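Some notes on the structure that comes next.
There are 2 protein chains.
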Amino acid sequence: MQSLYPMKYKSINLTEKLGLVTEQWAPRVVAEMNDYQFKVVKLEGDFIWHSHKETDETFLVLEGDLRIDFRDGAVQIGAGELFVVPKGVEHKPYAGKEVKLMLIEPRGVLNTGDAGGERTAKNDVWI
Amino acid sequence: MQSLYPMKYKSINLTEKLGLVTEQWAPRVVAEMNDYQFKVVKLEGDFIWHSHKETDETFLVLEGDLRIDFRDGAVQIGAGELFVVPKGVEHKPYAGKEVKLMLIEPRGVLNTGDAGGERTAKNDVWI
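As given, the protein sequences belong to chains A and B, one line each in that order.
Residue numbering for the first sequence follows the working numbering, beginning at -3 and increasing consecutively.
Residue numbering for the second sequence follows the working numbering, beginning at -3 and increasing consecutively.
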């Protein structure tokens, strides 16, 4: 029997998607809006200093606590909280315990921004 | 004493912001990312059919259950779930009980899209 709710009208459960993520620091795309992507990611420990010259970057924490360090301060982001890192601003995410979050940013943005290097995750991987 | 965490590095608590919203169907901007806005809104009951010709529109439900009707189906979106309405697709949100959610869309998008009319909320109101 044909469903009343075709697959194209299926909501995306962020907790379910995060349950499929097996690797930390590896953003996984769950949806797109115009040329933006929604990515779930698990972070733990320290990252590298980097910035995104072309774009702001949004962090929405779903579980746990994230700290983002800046050269002149820091922000604490808890579950249900949002923060937008302005474009070009150097930042370094840190989580004492594993934190689960959603990133929102234009398609093509790399996790290490302009810094590059070994912590750069494969981009545009869907889950 | 100067704070270690300047106001510019303050996270946005979505539950707190929704607590300040006194009116249903009245989106309130809480943050911007490039030319996109994050808006919290409380919905209850039925809305009007409309579409947004120029853009996709993202719904992230924070509390309660939202149904979005389409001409050929519907989607149920619960707390912690996301759905992107594709641009140009007619839709009509409905909530049997009050639902609290976040909208993500480009600055300037009206809640009634191309339909207009008396349900059109004042745009670009921050909270």
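Beta carbons are placed, not taken as given, at the ideal position from N, Cα and C, and that holds for glycine.
The structure displayed is predicted, hence computed values, not measured ones.
If we cut at 9 Å on Cβ distances, does Met(-3)(B) have a partner in chain A?
Indexing the second sequence from 1 puts residue -3(B) at position 1. With a pLDDT of 46 at Met(-3)(B), under the threshold of 50, the predicted position of this residue should be treated as unreliable, and no value is reported.
Would you say Pro102(B) lies against chain A (beta-carbon separation less than 9 Å)?
By 1-based counting over the second sequence, the position of residue 102(B) is 106. True, the Cβ-Cβ gap to chain A drops below 9 Å.
Reduced DSSP category for Gly92(A) - H, G, I as helix; E, B as strand; rest coil
Walking along the first sequence from the start, residue 92(A) turns up at place 96. In this structure, Gly92(A) counts as strand in the three-state DSSP scheme.
Among Ala22(B), Glu28(B) and Gly74(B), the one whose alpha carbon lies nearest that of Leu106(B)
Taking the second sequence and counting its residues from 1, the one referred to as residue 106(B) is at position 110. Nearest option by C-alpha distance: Ala22(B).
Whole angstroms is fine: what's the gap from Glu101(B)'s alpha carbon to Asp31(B)'s?
Residue mapping note: residue 101(B) aligns to position 105 of the second sequence, counting from 1. Residue mapping note: residue 31(B) aligns to position 35 of the second sequence, counting from 1. If I take the Cα positions, the gap works out to 9 Å.
Looking at chain B, which residues of the region 65 to 77 of chain A have a Cβ within less than 9 Å of any of its Cβ atoms?
Phe66, Asp68, Gly69, Ala70, Val71, Gln72, Ile73, Gly74, Gly76 and Glu77
DSSP on Glu12(B), reduced to helix/strand/coil?
Counted from its first residue, the second sequence places residue 12(B) at position 16. Helix, per DSSP.
Run through chain A and tell me which residues come within less than 8 Å of Asn30(B), C-beta to C-beta.
The residue labelled residue 30(B) in the question sits at position 34 within the second sequence. In chain order: Thr51, Asp52, Lys83 and Pro102.
So which residues on chain A does Phe34(B) lean against when the C-beta distance must stay under 7 Å?
As a position in the second sequence, residue 34(B) is number 38, starting the count at 1. Those within 7 Å of Phe34(B) in chain A are Leu78.
I'd like to check one pair, Val85(A) with Phe66(A): are the Cβ atoms closer than 9 Å?
Taking the first residue of the first sequence as 1, we reach residue 66(A) at position 70. Taking the first residue of the first sequence as 1, we reach residue 85(A) at position 89. Yes, they are a contact pair.
CB Tyr60(B) to CB Ala70(B), shorter than 9 Å?
Locating residue 60(B) in the second sequence gives position 64, counting from the first residue. Locating residue 70(B) in the second sequence gives position 74, counting from the first residue. Checking the sequence shown, residue 60(B) turns out to be Gly, not Tyr. No. Outside cutoff.
Meets three-Cβ-pair contact criterion under 8 Å: the region 87 to 94 of chain A and the region 48 to 64 of chain A:
yes
Got a sec, what are the start and stop residues for the beta strand (DSSP E) Glu50(B) sits in?
Position 54 of the second sequence, counted from the start, is the residue given in the question as residue 50(B). First-last for Glu50(B): undefined, no H or E at that position.
At what residue ranges does the region 63 to 87 of chain A contain a whole run of the beta strand (DSSP E), taking only runs of 3 or more?
69 to 73 and 77 to 81
Between Pro82(B) and the rest of its own chain, which residues show a CB-CB distance below 6 Å, the 5 nearest in sequence each way excluded?
As a working note, residue 82(B) is residue 86 in the second sequence. Hits under 6 Å: Asp52.
Neighbour flag for Ile8(B) against chain A, beta carbons, 9 Å:
For the purposes of this step, residue 8(B) is taken as the residue at position 12 of the second sequence. Yes, its Cβ sits closer than 9 Å to a Cβ of chain A.
Skipping 5 residues on each side, what residues in its chain have a beta carbon closer than 8 Å to that of Trp140(B)?
Missing from the structure shown is residue 140(B); chain B here goes from -3 to 123 and no further.
With a threshold of 16 other CB atoms inside 10 Å of the CB of Thr108(A), please say whether the residue is buried or exposed.
Taking the first residue of the first sequence as position 1, residue 108(A) is located at position 112. So Thr108(A) counts as buried.
When the cut-off is 9 Å and only beta carbons count, does Tyr90(A) lie next to chain B?
Translated into the one-based positions of the first sequence, residue 90(A) becomes position 94. Not closer than 9 Å to any Cβ of chain B, the Cβ of Tyr90(A) fails to qualify, so no.
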